[in-house]
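> Position one of the sequence shown corresponds to residue 3 (the numbering used here), numbered consecutively onward. Backbone N, C-alpha and C fix where the C-beta goes; we use that ideal spot for every residue, glycine too. Since the model is a prediction, treat every value here as computed from it, not as a measurement.
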Amino acid sequence: LGHLDSNTGPAVFARLSQLKAGSEILVDRADGSHVRFVTERVASFPSDAFPTDQVYGATTTAALRLITCGGKFNVGRGRYSDNLVAFATFTQVS
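(1) How many Å lie between A65 and L18 at the Cα?
(2) Any idea which residues DSSP pairs S8 with across the strands?
(3) Return the CA-CA distance between N76 and Q56, expressed in angstroms with no decimal places.
(4) Looking at C-alpha atoms only, which residue of T62, R81, N85 and A32 is the closest neighbour of N9?
(5) According to DSSP, is A51 part of a helix, a strand, or is it coil?
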């Protein structure tokens, strides 16, 4: 989970929507190794219809889900209308 933006500007997942199927995601680990994931898809879901099982359910292989907000910002509610989720699968450790 990470923010799209804040009162001061873009946040850690500001460019999450730019990921496409096939995009690599590299995770740096404390031991100096790197874990690679490949994006399967990026999808937007209404906040009130979040697909919990799809996002947090069991997988047959190691997987990564990156989640942020998206859609339109509702000033009255102080939040975005949607959640953006990148679905990725493990490829290797290097």
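The short version:
(1) On the sequence shown, position 63 is the one that residue 65 refers to. On the sequence shown, position 16 is the one that residue 18 refers to. Whole-angstrom Cα-Cα distance: 17 Å.
(2) In the sequence shown, the residue the question calls residue 8 occupies position 6. Answer by DSSP bridge pairing, in chain order: G11.
(3) Indexing the sequence shown from 1 puts residue 76 at position 74. Indexing the sequence shown from 1 puts residue 56 at position 54. Looking at the two C-alpha atoms, the distance is approximately 26 Å.
(4) Here residue 9 refers to the residue found at position 7 when the sequence shown is read from its first residue. Closest by alpha carbon: R81.
(5) Within the sequence shown, the letter at position 49 stands for residue 51. Residue state, collapsed to three classes: helix.
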